[in-house]
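Chain order of the listed sequences is A and B.
Residue numbers 3 to 360, in the numbering used here, belong to the letters of the first sequence in order.
Residue numbers 68 to 646, in the numbering used here, belong to the letters of the second sequence in order.
Built from N, CA and C at the ideal position, the CB exists for glycine as well.
Below is one structure, written out as structure tokens; the observations come after it.
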Amino acid sequence: MGTVIIFVKIFFMIGFLMTLGVLLTWVERKQSAVMQDRIGANRADIFGLRILGLFHPLADALKLLTKEDFIPPSGDRFVHTLAPFIAFTTALVGFAVIPFGPNVQFFGREISLQVADIHVGLLFIFVVTGLSVYGVILAGWSSANRFGLLGALRGAAQSISYEVSMALSVIGLLMIFGSLSLGEIARAQGELVWGLPRWGVLVQPLGCIIFFIAAIAETKRIPFDLPEGESEIVGFFVEYSGMKFGLLWIGEFVEIVVMSGLVATLFFGGWQVPYLGSGGFVFPFGLQIGLPPFLVVLMQVLAFMFKVVFFCWLQMLIRWTLPRLRYDQLMRLGWKVLLPLSLLNIVLTGLVLLFTGS
Amino acid sequence: MSLLQELSQEFGQAVLSTHARLGEETVVLQRKRLLDLIRYLKNKRGFDFLMDLTVVDRLEEVPRFQVVYHLYARETNRRLRIKVQVAAKDAHLPTLTGEYRIADWLEREAWDMYGVVFDGHPDLRRILMYEGFEGYPLRKDYPKERRQPRVGPGSTEKTAFDKTPSIADVLVLDDPDTSQAAVSSGTGIKEEIMYLNLGPSHPAMHGVVRISVALKGETVIASDVEIGYMHRCFEKEAETHSYTGVIPYTDRLNYVSPLINNVGYAMAVEKLFEVETPERCQYVRVIMSEISRITDHLTCVGAFAMELGAFTIFLYLMKSREYLYDLIEDVTGARLTTSYTRIGGLKGDLSPDFKEKCREAFRKVREDIQECDNLLSRNRIFFDRMRGVGVITPEDAISCGFTGPCLRAAGVAYDVRKAEPYLVYDRFDFEVPLGTDGDCYDRYQVRMMEMEQSMRIVEQALRNLPGGPICLDDKRMTLPPKELVYTTIEALMNHFKLIMDGHGIRPPAGEAYMPVEGGNGELGFYVVSDGTGIPARVRVRAPCFALVAGLSHLIRGRMLADVVPIFGSINMIAGELDR
Numbered sequence: 003m004g005t006v007i008i009f010v011k012i013f014f015m016i017g018f019l020m021t022l023g024v025l026l027t028w029v030e031r032k033q034s035a036v037m038q039d040r041i042g043a044n045r046a047d048i049f050g051l052r053i054l055g056l057f058h059p060l061a062d063a064l065k066l067l068t069k070e071d072f073i074p075p076s077g078d079r080f081v082h083t084l085a086p087f088i089a090f091t092t093a094l095v096g097f098a099v100i101p102f103g104p105n106v107q108f109f110g111r112e113i114s115l116q117v118a119d120i121h122v123g124l125l126f127i128f129v130v131t132g133l134s135v136y137g138v139i140l141a142g143w144s145s146a147n148r149f150g151l152l153g154a155l156r157g158a159a160q161s162i163s164y165e166v167s168m169a170l171s172v173i174g175l176l177m178i179f180g181s182l183s184l185g186e187i188a189r190a191q192g193e194l195v196w197g198l199p200r201w202g203v204l205v206q207p208l209g210c211i212i213f214f215i216a217a218i219a220e221t222k223r224i225p226f227d228l229p230e231g232e233s234e235i236v237g238f239f240v241e242y243s244g245m246k247f248g249l250l251w252i253g254e255f256v257e258i259v260v261m262s263g264l265v266a267t268l269f270f271g272g273w274q275v276p277y278l279g280s281g282g283f284v285f286p287f288g289l290q291i292g293l294p295p296f297l298v299v300l301m302q303v304l305a306f307m308f309k310v311v312f313f314c315w316l317q318m319l320i321r322w323t324l325p326r327l328r329y330d331q332l333m334r335l336g337w338k339v340l341l342p343l344s345l346l347n348i349v350l351t352g353l354v355l356l357f358t359g360s
Numbered sequence: 068m069s070l071l072q073e074l075s076q077e078f079g080q081a082v083l084s085t086h087a088r089l090g091e092e093t094v095v096l097q098r099k100r101l102l103d104l105i106r107y108l109k110n111k112r113g114f115d116f117l118m119d120l121t122v123v124d125r126l127e128e129v130p131r132f133q134v135v136y137h138l139y140a141r142e143t144n145r146r147l148r149i150k151v152q153v154a155a156k157d158a159h160l161p162t163l164t165g166e167y168r169i170a171d172w173l174e175r176e177a178w179d180m181y182g183v184v185f186d187g188h189p190d191l192r193r194i195l196m197y198e199g200f201e202g203y204p205l206r207k208d209y210p211k212e213r214r215q216p217r218v219g220p221g222s223t224e225k226t227a228f229d230k231t232p233s234i235a236d237v238l239v240l241d242d243p244d245t246s247q248a249a250v251s252s253g254t255g256i257k258e259e260i261m262y263l264n265l266g267p268s269h270p271a272m273h274g275v276v277r278i279s280v281a282l283k284g285e286t287v288i289a290s291d292v293e294i295g296y297m298h299r300c301f302e303k304e305a306e307t308h309s310y311t312g313v314i315p316y317t318d319r320l321n322y323v324s325p326l327i328n329n330v331g332y333a334m335a336v337e338k339l340f341e342v343e344t345p346e347r348c349q350y351v352r353v354i355m356s357e358i359s360r361i362t363d364h365l366t367c368v369g370a371f372a373m374e375l376g377a378f379t380i381f382l383y384l385m386k387s388r389e390y391l392y393d394l395i396e397d398v399t400g401a402r403l404t405t406s407y408t409r410i411g412g413l414k415g416d417l418s419p420d421f422k423e424k425c426r427e428a429f430r431k432v433r434e435d436i437q438e439c440d441n442l443l444s445r446n447r448i449f450f451d452r453m454r455g456v457g458v459i460t461p462e463d464a465i466s467c468g469f470t471g472p473c474l475r476a477a478g479v480a481y482d483v484r485k486a487e488p489y490l491v492y493d494r495f496d497f498e499v500p501l502g503t504d505g506d507c508y509d510r511y512q513v514r515m516m517e518m519e520q521s522m523r524i525v526e527q528a529l530r531n532l533p534g535g536p537i538c539l540d541d542k543r544m545t546l547p548p549k550e551l552v553y554t555t556i557e558a559l560m561n562h563f564k565l566i567m568d569g570h571g572i573r574p575p576a577g578e579a580y581m582p583v584e585g586g587n588g589e590l591g592f593y594v595v596s597d598g599t600g601i602p603a604r605v606r607v608r609a610p611c612f613a614l615v616a617g618l619s620h621l622i623r624g625r626m627l628a629d630v631v632p633i634f635g636s637i638n639m640i641a642g643e644l645d646r
């Protein structure tokens, strides 16, 4: 029975992630089109049905699958094939520890709405995102292309630099919630402080900003899209075609979803809806609305999805607004601004905890 | 004492003749004193610009080639043409690369096209043609129909492609030590020079330029810019077409501001005729030129914002450009291939409701420019990417032959519209925006401000637009009205004489250099007439050519990522670069 539940959860998680990832390719086109006063992709149709170009991801997949799979003659055949898989898998796996709802009672069993509630969930995420850089390095190196190699180098340097700030920016959060388990952190954010939900962003505003910036850098999107930098070095995947390129491409979108999930879970209450407890809404000014547990869980799962979609949207918005940084400016921002700030954040959090005693 | 007399005295026998026909001072000089004369003019008389260097091939005459230098002195605002005659058998001249940086590329082009050798030139390679091309295409005895094998990968014929030198051979590294493949730095780590080809198939190079760079890490230590990928034999074609027939070719020079090319060419031929077009024509030419300048700047700013990753701004500005293209289409019937001017006038008048349409279009363009300004000018990322990048000093900019926004960004106030007001530019109130640092950010700012000035000029011109004809009433160049052609014999004859082969528009024999302010700087047309219906020589002084020639200087020592904004900020337009 336990195995079945795990598989159902994995199925649900991959379904959610892939659907959103694929949908994001459409959102990216449509959202950029709206921002740029264009109409955007609307040509793909099935029997004349176009529904706002929603068939484009499907058409893309078909196109990519039927394209020639080109491997550069002087490249490394094995590594060249391996790299997209690494990039894609590592992007996907991170979501396993992110809870998308509270624990629920189901036929007398307590089930956590989370694929794996491991108690070092946060570390797991950092390990996995750390591994994802191998996809970039191997892809760039095995292409035997100088542009690819430059992209890989930039990708590696960027990932390393920003992971440091990213990891340090959540230390303050860990000090407050006292747990590395994402399930615990999400649950703890349901409590109230001064009548407001105790969300990460409220208790760790600086950490939240640093984390979000580092998260965008991790997804390698504008303004941090140096490994790609299509007008400069074309990108680490310059020699990829067909579905292997597709994997790198979808992997990027999946990474956006994972990062959005992470930001939502760590700093924006995860699946928590403000003032919604297991029995219904309890507002600090006295109003109470009782709700059946089923409805509560549904609302909480939907709230989580909404938050994830919101942060995906926010990342798209940034991507289509800003220009790209230069390599040395990126490094300066990472090491000279974000790193000291995240260290400062730790010290400040420690001081506050020391004096308030909690 | 005039300059010409002074030079005659100073250089005595070496000055073969002087004249100032059409108001253009010209010195015909013996070859041996050329360098002395140039140095004298540059150091003592302030001729700091070498605007153009070209060759005129006079097949029948001895000596056959005339090498023509156009100099300009900014302080005294005067021009001087120097002509040196050389024989085909002994086509050698001293190089001017020591005096003017721009001479490097100009001399390469003269050699490429005419086979004139410049002794002492450090790097006399082909520039528009490829290595292995046989013959000199602009010589009169090179038949227009001659074909040479296609080159490049994919060509089945055994070609000259193999002769193309490798990057490592072409690039001259400053430090002889670094030219070895591997160098050990102070840290004991072996650093290797990486050679990288940017283009021609590279997103930022528009498919028409190749920059070979030597990289140390991501720093560019040497570079070579290769052009000619879009060479369309404009100058050769012009020598086989009637004077009117050249106009459509000028559209394709700077194809983001084609109307300025139309105007410049028509004015050069009109100068040969020594005529002035009617006032209304001049106003309309100013209006259309300025609208074109805005489209040019919009394209430039949009394109380099895009190359920095800000794709949205590119589309905003393209949208804005469409409003102006609509205006241009309204008047000329075409958006890009306008061919709007005629020798002695214009193709047609402005449309009746042009004023209202223009006001509406400008309102929308101003909105978009404002939006772009909000998104970019004070954007920290954009600012950091542009400020201090691609810096050029005023002295270097002048020596490199920079003109237009790139020169003004370096703080040199040279604008043809102010220096030598042509058309009716002296009647308008406008400013010439200047930069201070000569970096990419200043070039961006200068372009942004110039758009506003251009709109001001158009608004003033529309307010004071006089009535009257738009074409000169001159039998030598203007077609008679169709009704008269069908009803009167004089008009029919006139029409016949202008249209039929072997007749056509025939300016008196002579030569004229007509500079106008193009989108990128001084756009000069040097037209030589031998009295027939076909130009003997049409030379374009393309502002882009100098800018791209200076590119290597701008990107040296910068990071690879800087190449893109620098390249974007000089606004390379392959049409006029390669001609």
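Would residue i be called buried (16 or more neighbouring beta carbons within 10 Å of its own) or exposed?
i: residue 244(B); result: Only weak support exists for where residue 244(B) lies, its pLDDT of 48 falling under 50; the value from the coordinates is given anyway. Exposed: under 16 other Cβ atoms inside 10 Å.
i: residue 277(B); result: buried
i: residue 268(B); result: exposed
i: residue 291(B); result: buried
i: residue 234(A); result: buried
i: residue 570(B); result: exposed
i: residue 251(B); result: With a pLDDT of 42 at residue 251(B), under the threshold of 50, the predicted position of this residue should be treated as unreliable, and no value is reported.
i: residue 413(B); result: buried
i: residue 8(A); result: exposed
i: residue 496(B); result: exposed
i: residue 98(A); result: buried
Residues of chain B with CB closer than 9 Å to the CB of residue i, please, in chain order.
i: residue 224(A); result: 376, 377, 378
Which residue's Cα is closest to the Cα of residue i: the options?
i: residue 271(B); options: 645(B), 637(B), 646(B), 643(B); result: 637(B)
i: residue 260(B); options: 418(B), 349(B), 288(B); result: 288(B)
i: residue 557(B); options: 569(B), 567(B), 542(B), 361(B); result: 542(B)
i: residue 336(B); options: 582(B), 83(B), 114(B); result: 582(B)
i: residue 501(B); options: 474(B), 88(B), 595(B), 607(B); result: 474(B)
i: residue 334(B); options: 489(B), 640(B), 109(B), 449(B); result: 489(B)
Report the neighbours of residue i on chain A: residues whose CB is nearer than 8 Å to its CB, in chain order.
i: residue 270(B); result: 232, 233, 236
Please report the residue range of the beta strand (DSSP E) in which residue i lies.
i: residue 111(A); result: 111-114
i: residue 165(A); result: Segment 148-171 is the alpha helix (DSSP H) holding residue 165(A); no beta strand (DSSP E) there.
i: residue 2(A); result: Nothing can be reported for residue 2(A), as the shown portion of chain A is limited to 3 through 360.
i: residue 608(B); result: 604-608
i: residue 363(B); result: Run containing residue 363(B): none in the beta strand (DSSP E); it sits in the alpha helix (DSSP H), 346-374.
i: residue 150(B); result: 145-153
i: residue 121(B); result: 116-124
Check the Cβ of residue i against every Cβ in chain A and list those closer than 9 Å, keeping chain order.
i: residue 433(B); result: None at all; the shortest Cβ gap to chain A is about 16 Å.
How would you list, in chain order, the residues of chain A whose beta-carbon sits under 7 Å from the beta-carbon of residue i?
i: residue 448(B); result: 225, 324, 325, 327
i: residue 451(B); result: 331
For the alpha helix (DSSP H) containing residue i, list its first residue and its last residue.
i: residue 386(B); result: 378-399
i: residue 268(B); result: Per DSSP, residue 268(B) belongs to no alpha helix (DSSP H) and is neither H nor E.
i: residue 578(B); result: From DSSP, residue 578(B) is part of no alpha helix (DSSP H) but of the beta strand (DSSP E) over 577-584.
i: residue 466(B); result: 461-466
i: residue 333(B); result: 325-340
Going along chain B in order, which residues have a C-beta closer than 7 Å to the C-beta of residue i?
i: residue 148(A); result: 261, 263
i: residue 37(A); result: 379
Could you list which residues in chain B have their beta carbon closer than 8 Å to that of residue i, in chain order?
i: residue 2(A); result: An answer regarding residue 2(A) cannot be provided, because it is not within the stretch 3 to 360 covered by chain A.
Query - Selection of the region 12-35 of chain A by Cβ proximity to chain B, strictly under 9 Å - result: 34
Report task. Closer than 8 Å, Cβ to Cβ, to anything on chain B: give me those residues from the region 326-355 of chain A, in chain order. Result -> 326, 327, 328, 329, 330, 331
Query - Contact list for the region 620-634 of chain B against chain A, Cβ threshold 8 Å - result: 626, 627, 628, 629, 630, 631
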